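Participant: Pasting a structure below so you can have a look.
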């Protein structure tokens, strides 16, 4: 019996080490292949291969499985596209993306608590909208609008699917529509904050939508919690903070020198 327990523990340790190694390998190779080839296809293929479990189900469970993995897919695809947008030369941003993606796969993604779920959604908003903004600046605005709606839908569902809110579908659609509307308004004046030769480029739109996603989730939680007793004072603090912060960003950090 003792030998069986020891063998089982050894297998668990070995499988854990293999799991860690494969995730680190994916995090590094997804960025490395993208930069070396100056093509996002190899990195995207690696990300999709890592999600093989989505397809390893019966057809009737495919959509459910896909929706459950949307946030992880958004983060993986966005990391690869951000590395591609940074250019064919290795820059500090590429190493930061490698480190972050490894941390996402090993630490952030496995978490399932409510705060962790919200953090995962906010990360997906920031990275997803950053990649979308950088790669659609010269394209028709409808493309950015559709991507924004998809991201808003996916991240809102990621949070709300775990709640007891019976009207979560309406909340998801509202979030997606607001994402799309804000993206349409910002498309013609795309402000990108750059940080020297590091390769780091942060779109203003990504920051604004991340703030909105946080405030929207807080407001929704308050409305569910207080229901018939809900008053605006219950969300006044976060809403005021969000409005003030967005106002400062738009009014004070929209210098045309950043405009692409």
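In our numbering, the protein residues as written are 145 to 404.
We put the beta carbon where it would ideally sit given N, CA and C, even for glycine.
The structure displayed is predicted, hence computed values, not measured ones.
1. Among 205, 266, 244 and 223, which residue has its Cα nearest to the Cα of residue 355?
2. Give the straight-line distance between the Cα atoms of residue 215 and residue 270, rounded to the nearest whole angstrom.
3. Measure the C-alpha to C-alpha separation of residue 171 and residue 223 and round it to an integer number of angstroms.
4. Given 8 Å as the limit, tell me if residue 358 has its C-beta closer than that to any heavy atom belonging to the ligand FMN.
5. Among 323, 161 and 238, which residue has its Cα nearest to the Cα of residue 293?
6. If you draw a straight line from the C-alpha of residue 331 to the C-alpha of residue 166, how long is it?
7. For a minimum of 4 consecutive residues, which ranges assigned as the alpha helix (DSSP H) are wholly contained in the stretch 258-308?
8. Do residue 268 and residue 295 have their C-beta atoms closer together than 9 Å?
9. Confirm, please, whether the CB-CB distance from residue 336 to residue 236 is below 9 Å.
10. Using a Cβ-Cβ cut-off of 8 Å (strictly less than) and excluding sequence neighbours within five positions of residue 218, which residues of its own chain qualify?
11. Ignore the nearest five residues each way along the sequence and tell me which others in residue 150's own chain have a CB closer than 6 Å to its CB.
12. Whose CA, out of 254, 183 and 312, lies closest to the CA of residue 164?
13. What are the start and end residues of the alpha helix (DSSP H) that includes residue 393?
Facilitator: So, to answer that:
1. 266
2. 12 Å
3. 9 Å
4. As far as ligands go, the structure on display features none, and thus does not contain the ligand FMN.
5. 323
6. 38 Å
7. 258-280 and 285-304
8. yes
9. no
10. 268, 271, 272, 295, 298 and 299
11. Any answer about residue 150 is weak, because its pLDDT of 47 lies below 50 and its placement is not dependable; what the coordinates show is given next. Closer than 6 Å at the Cβ level, and outside the excluded window around residue 150, lies no residue.
12. 254
13. 380-396
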